[in-house]
Structure formats: C-alpha cells, structure tokens
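With this note's numbering applied, the sequence shown covers 217 to 615. Here the structure is laid out as structure tokens; the discussion comes afterwards.
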Amino acid sequence: MGSSEGRRGGGRMHTRIVHKGNDPASLGGMVNPPVYHGSTVVFPTLAALEQSRIDHELKDRVVYGRLGSRSTFALENSVADLEGGFGALSVSSGLAAVTTTILAFAGAGDHVLVADTVYGPTRKFCDAFLTRMGVTVEYYDPLIGAGIASRFRGNTSLVFMESPGSITFEVQDAPAIADAARSRGIITALDNSWATPLYFRPLEHGVNVSVIAATKYIVGHSDATLGLAVCDTEENFYRVKQSRDLVGQSLAPDDVYLGLRGLRTLGVRVEKHQQQALELAHYLSGRQEVLAVFHPAFPDCPGHEVWLRDFSGSTGLFSVLLKPGSHDSLRAMLDGMRFFSMGFSWGGYESLIVPQYPQSSRSACPWNREGQIIRLHAGLEDIQDLLEDLEAALERYSA
C-alpha cells in the first residue's frame, strides 16, 4: 500500500483509533482529512456520469454530497474497523442511526422484539411510527438471554438490544440472544453508545448491526450530533445503506470533521471518564441517602457477570437510586449544583446530572422500586470538585 495508513498496518486498538482514516501522503502531509463542503459532484464525460448512476449504490463512491465525501468515508471506515464490521453508515444523530437500522429490517406485517430498557426516543419511534407502519412491537425483559427464543414468531424480523440499558443499566447476554436469533434467520442490532467499540464490540459476539450515538463519546465535546450503524456483512450493509439513502439521511461535512477529530482522543478520554465514574459511584454507594448504584462494574448490577465476560471496561454514565424524598428536596439538590449541569445528553467533557423516571415507560418489566433515580455522567473536571459537589447536593436533598 502507498498510503501512510497502509504502511503503518493495523496496530492495536489505541493505535488504530489515532491513525485510522488518516492519509497524509495524499493530502500534502496534512494529518487530518479536510472538510468537503459540497453538494454537486461533476463528471468529465457522459460515460462517467452514467457510471455514477451505478456507483451511487456502492460503498465509498463520491457521486453526490448527500451520499458522502472522502472525509465521510474516512470516518465510517475507521469506526467499522474498530467494530470489526464490513462497513459503517453515518447519519445525522444517534436516533437516526437507530431508526434507519430498524427500518432496514422491519416492514408491514413484521414482528420486532425490543429491549424494555431502550433509550426513550427509540421506544417512542417504535410506538408512534413503527406501529403505524403495521409493525408489531413487543418489549422484552433485557435479562431474558437465550430465553428470547420463546418470544420468536414466524414473522419476527429483528431483535433490537441496548446494553447496558438506559437509566438502570441492565447488561444483556448479547451472544445468547444473537445465537438464538441467527438460528431462526432473525437480524439482531444493539445500541453500543455506552461502551463504544473501545470496551465492547457487538459484531464479535454475533450481533449483525452495532448502532452508536457518536454524539456521545466519539464526538466527545458536546458540539455535534452524529450517528453510525456498523454492519457485519456486505448484505446487511447495503440494506441499511438503502434505508438511509431512501429516507434522505446524511451527515453535514463539519460534523464529519468533528467526529473524526473526537475519535482521535476517544481512548484517553473514555478511560478518564471510566476512572471518574467509578470513583464517584463508589463514593455514592457509601452514602446513607443512596439505596442502590446502577453501574455494570458493580456486582449487584443486573447482568454484571455478562459485563465481566464480554466487556473490557466501563464508561462515565451510571445511575443511583436515592431514598424517597419530596420534589422540593430534589429541586434543592439539583438547582444548587456547582459543577454538574442538568442536561439530557452525555459523553462530553462536562459532568451532567438528571432525574429519571423509568416507571413511566417500562412494560415488560415494570419499575416499582421506591425512590428517585438520578443519572450522572462523570466528566473530566477535577474529581475532588465533583465529589464535593455531590456531597453538598446530598446534604441539601436530606435536609
């Protein structure tokens, strides 16, 4: 190979994170691919124009701005390599990656199984959109494992997982679920936003499509929304690509650049988020105001043994269950935070804190534990400042 990336070879995970998608030899020595602002691509001959009508269906072909540029493909191919997939497809948000994937494998008359603990907007899409299309959506207990086979029907086309689950962080036995689905010709997809390919690679465990809200840890700076769907085979890649292209999804060039920029520091940032979250979680587990800590690295977290077996680390997002308190106590706690901000995203450099209410959305495994769930994202601030912020917050809550 003549490219700089090719001469460097594969390398281990952290090396690949830094170098994949870079090709200084073809860019005058520049280490970062440039931003390609453009919609129209012109062709020198009629033959080339006619060929583009074929090429637009293929991988890594520059034929129109919406379908990608060299920098788009650099990002997609980098993440596909990290996940061990045939290819990746970029879209405008994590939710768009979820919906594009589901639409690729679910149609009128199909039955789809969805983990009861998925991201709230994923559930809303299933309830408000898929059902209107004539798709039957059934939610299942995320801890079902191989028992998922008992839920299969003759028209089941897709099992959609999220591991760990949103809010309460149940870890699913993805290999068992994928194995059961594969034996029946059913596609599996998994939202891998929490772990990233750094700590879990679903395709290596039999899952067909790994969905990533790259808005979170890959971008890492809370300044862009971006989603990726990484597919295991050529066939599944082109099904998701067709779904993406038909609904008109694309990724803006500046957001492509921000995704590539963030990717380079993914390894060091996520390791720091992991370290910060573990220290905060251990501190909170010793507080009398806290009834439970929901963190996959903790032995009492549902699915912890699966996390130990399949994951190589944890990240910065977890939840705690506080003892029951009044809404005024909750307001006093949250309104007085110094370094934790209230916001619904996570994965950026900043620490975040939000109350959560799983009792309003669960159906297969209703949430009936008393107390207030608080979800925290451990940012990159000084750990002592974060600990002091939480200590003062809990004192306000229990006052």
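Don't be surprised by glycine CBs; every beta carbon is placed ideally from N, CA and C. Please read all numbers here as calculations on a predicted model, not as lab measurements.
So what does residue i bridge to, in DSSP terms?
i           : result
residue 226 : DSSP, once it has assigned bridges, lists no residue as partnering residue 226.
residue 374 : 328 and 403
residue 510 : 535
residue 447 : 303 and 425
residue 356 : 331
residue 557 : 568
Label residue i either buried or exposed according to how many other C-beta atoms from any shown protein chain fall within 10 Å of its C-beta, with 16 as the threshold for buried.
i           : result
residue 544 : exposed
residue 527 : buried
residue 255 : exposed
residue 242 : exposed
residue 319 : buried
residue 245 : exposed
residue 549 : buried
residue 511 : buried
residue 377 : buried
residue 598 : exposed
residue 588 : buried
residue 219 : Because residue 219 carries a pLDDT of 45, less than 50, the predicted location of this residue cannot be relied on, and no value is offered for it.
residue 436 : buried
residue 542 : exposed
residue 591 : buried
residue 273 : exposed
residue 389 : buried
residue 339 : buried
residue 407 : buried
residue 335 : buried
residue 547 : exposed
residue 601 : exposed
residue 226 : exposed
residue 217 : Its pLDDT being 34, under 50, residue 217 is placed unreliably by the model, and the measurement read from it follows with that caveat. When all chains shown are included, residue 217 counts as exposed.
residue 313 : buried
residue 573 : exposed
residue 484 : exposed
residue 516 : exposed
residue 222 : Note that residue 222 scores 47 on pLDDT, short of 50, meaning its location in the model is unreliable; the coordinates nonetheless yield the value given after this. Result: exposed.
residue 560 : exposed
Smallest Cα separation from residue i: which of the options?
i           : options               : result
residue 321 : 368, 372 and 277      : 372
residue 415 : 370, 529 and 407      : 529
residue 487 : 412, 453, 431 and 520 : 412
residue 470 : 275, 440, 463 and 335 : 440
residue 316 : 420, 277, 345 and 514 : 345
residue 570 : 594, 585 and 586      : 594
residue 568 : 418, 557 and 437      : 557
residue 401 : 422, 417, 407 and 347 : 422
residue 292 : 443, 343, 281 and 355 : 443
residue 259 : 250, 240, 249 and 271 : 271
residue 249 : 287, 282, 226 and 267 : 287
residue 611 : 500, 251 and 281      : 500
residue 327 : 403, 385 and 613      : 403
residue 294 : 508, 357, 310 and 276 : 276
residue 585 : 366, 384 and 461      : 384
residue 536 : 263, 506, 278 and 518 : 506
residue 565 : 489, 539 and 508      : 489
residue 247 : 559, 477, 285 and 485 : 477
residue 445 : 425, 451 and 431      : 425
residue 417 : 279, 560, 297 and 262 : 297
residue 539 : 522, 521, 479 and 615 : 615
residue 364 : 281, 253 and 392      : 392
residue 252 : 428, 283 and 267      : 283
Compare the C-beta of residue i with all C-beta atoms of chain B and state if any pair is closer than 8 Å.
i           : result
residue 556 : In summary, chain B is missing from the structure at hand, where a single protein chain is found.
I want to check one thing, is the minimum distance from the CB of residue i to the heavy atoms of the ligand ADP below 7 Å?
i           : result
residue 544 : Inclusion of the ligand ADP in the displayed structure is not the case, the ligand content being empty and no account of it being possible.
Within 8 Å, do at least three Cβ pairs link the region 549-558 to the region 598-609? Contact holds between the region 598-609 and the region 549-558, because three or more Cβ pairs, one in each stretch, are under 8 Å apart.
How about the region 489-497 and the region 519-533: do they share at least three Cβ pairs that are nearer than 8 Å? In short, these stretches touch, since the Cβ pair count reaches three.
Within 8 Å, do at least three Cβ pairs link the region 577-584 to the region 320-334? Judged by Cβ distances under 8 Å, the region 320-334 makes contact with the region 577-584, as three or more pairs qualify.
Check whether the region 451-469 and the region 233-240 touch, using three or more Cβ-Cβ pairs below 8 Å as the test. The region 451-469, when compared against the region 233-240, does not touch it at the 8 Å Cβ threshold.
In the region 299-353, which residue ranges form an unbroken beta strand (DSSP E) of at least 3 residues, counting only runs that do not cross its ends? Complete beta strand (DSSP E) runs here, min 3: 303-307 and 327-331.
Only counting runs of 4 or more residues, tell me where the alpha helix (DSSP H) segments fall wholly within the region 579-611, in order along the chain. Qualifying alpha helix (DSSP H) stretches: none in this window.
Three or more beta-carbon pairs under 8 Å between the region 444-458 and the region 303-317, yes or no? Flag = yes, the region 444-458 and the region 303-317 touch.
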